[in-house]
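Numbering (this note's numbering), first residue to last: 27 to 234.
All C-beta atoms in this analysis are idealised placements derived from N, C-alpha and C, irrespective of residue type, glycine included.
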Amino acid sequence: MMISILALIGITVLISYKGIQDSLFFTKNEFHIGSIQSGEQFRMFSSGFLHVDFQHLFFNMFTLYLFAPYVVYHFSNSFFFLLYFGSLLAGSLLTLYFHKSEYHYRAVGASGAVTGIIYSAILIEPHMYMYGFIPGYVFGFLYLLASLYGMKTKRDNIGHVAHFGGAIGGFVITLIREPQIFTEQTVTVVALLVPIVVLFFLEKTNKL
Numbered sequence: 027m028m029i030s031i032l033a034l035i036g037i038t039v040l041i042s043y044k045g046i047q048d049s050l051f052f053t054k055n056e057f058h059i060g061s062i063q064s065g066e067q068f069r070m071f072s073s074g075f076l077h078v079d080f081q082h083l084f085f086n087m088f089t090l091y092l093f094a095p096y097v098v099y100h101f102s103n104s105f106f107f108l109l110y111f112g113s114l115l116a117g118s119l120l121t122l123y124f125h126k127s128e129y130h131y132r133a134v135g136a137s138g139a140v141t142g143i144i145y146s147a148i149l150i151e152p153h154m155y156m157y158g159f160i161p162g163y164v165f166g167f168l169y170l171l172a173s174l175y176g177m178k179t180k181r182d183n184i185g186h187v188a189h190f191g192g193a194i195g196g197f198v199i200t201l202i203r204e205p206q207i208f209t210e211q212t213v214t215v216v217a218l219l220v221p222i223v224v225l226f227f228l229e230k231t232n233k234l
């Protein structure tokens, strides 16, 4: 089952390497509001295979490697891919919604898809611990708080809004698949929902 995860990581590494070395390739495939609104919707997916640098790439792929096995073993390879690309799309759609009037806005990264995998893994394994001492739901919470900080500072080309879109995608898709999680893991569901609610509150009150 790990083959599917390693294959996805391998493909992402190869495409990201190409993008880091080839600025024209990077520009043609990154998430860019103006280009997407002009009809290049493929960028909503292709941008998920690009990263700004090797540190960004390593963090996303290492995080995926840690969390993805929970999803594959609990569900299946096919559900893993459905969840991954569904979360990637959700991240792109939320980014499009938040920045629809910013023609020049651009971003890259698999973070949206990875966050969807994180949220799904935590929902199905709420007692997991990251690095041996960080509860999974705390890691997910802090991950999105870091994304909020990135959205406010706007110092990089990373798709921080996509983190939240991916989280929503992973959250919804997993709960549709296993609705009993609502009652069996209510505290975890609420804990993961909090940063998403905070995001929309900040957006509505123009504090982002």
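query: Validate contact between the segment 134 to 145 and the segment 74 to 85 using beta carbons, cut 8 Å, 3 pairs; result: yes
query: Beta-carbon proximity check, residue 195 vs residue 142, cutoff 8 Å; result: yes
query: Backbone CA spacing between residue 198 and residue 28 [nearest angstrom]; result: 24 Å
query: Cβ shell of residue 108 (< 8 Å), same chain only, five flanking positions each side left out; result: 199
query: Range of the contiguous alpha helix (DSSP H) that encloses residue 86; result: 80 to 100
query: Three CB pairs or more closer than 8 Å across the segment 202 to 222 and the segment 124 to 133; result: no
query: Nearest-angstrom Cα separation, counted from residue 33 out to residue 174; result: 30 Å
query: Given residue 153 as reference, the closest of 228, 69, 211 and 220 once Cα atoms are compared; result: 211
query: Cβ distance (whole Å) where residue 38 is taken to contact residue 87 below 8 Å; result: 6 Å
query: Residue 190, buried or exposed, once every other Cβ within 10 Å from all chains shown has been counted against 16; result: buried
query: Residue nearest to residue 73 in terms of C-alpha spacing, selected from 81, 51, 85 and 160; result: 51
query: Three-state secondary structure (DSSP) of residue 155; result: strand
query: Chain-order list of residues whose beta-carbon lies under 7 Å from that of residue 151 (same chain, five-residue window excluded); result: 96 and 162
query: Alpha carbon of residue 155 to alpha carbon of residue 89, nearest angstrom; result: 13 Å
query: Residues of its chain near residue 106, where Cβ-Cβ distance is below 6 Å and the 5 sequence neighbours each way are ignored; result: 97 and 98
query: C-beta atoms of residue 171 and residue 221 nearer than 8 Å; result: yes
query: For residue 57, the residue or residues it bridges with in DSSP; result: 133
query: Terminal residues of the alpha helix (DSSP H) in which residue 230 lies; result: 212 to 230
query: Under 8 Å between C-beta atoms of residue 188 and residue 121; result: yes
query: Beta bridge counterpart(s) of residue 161 as assigned by DSSP; result: 155
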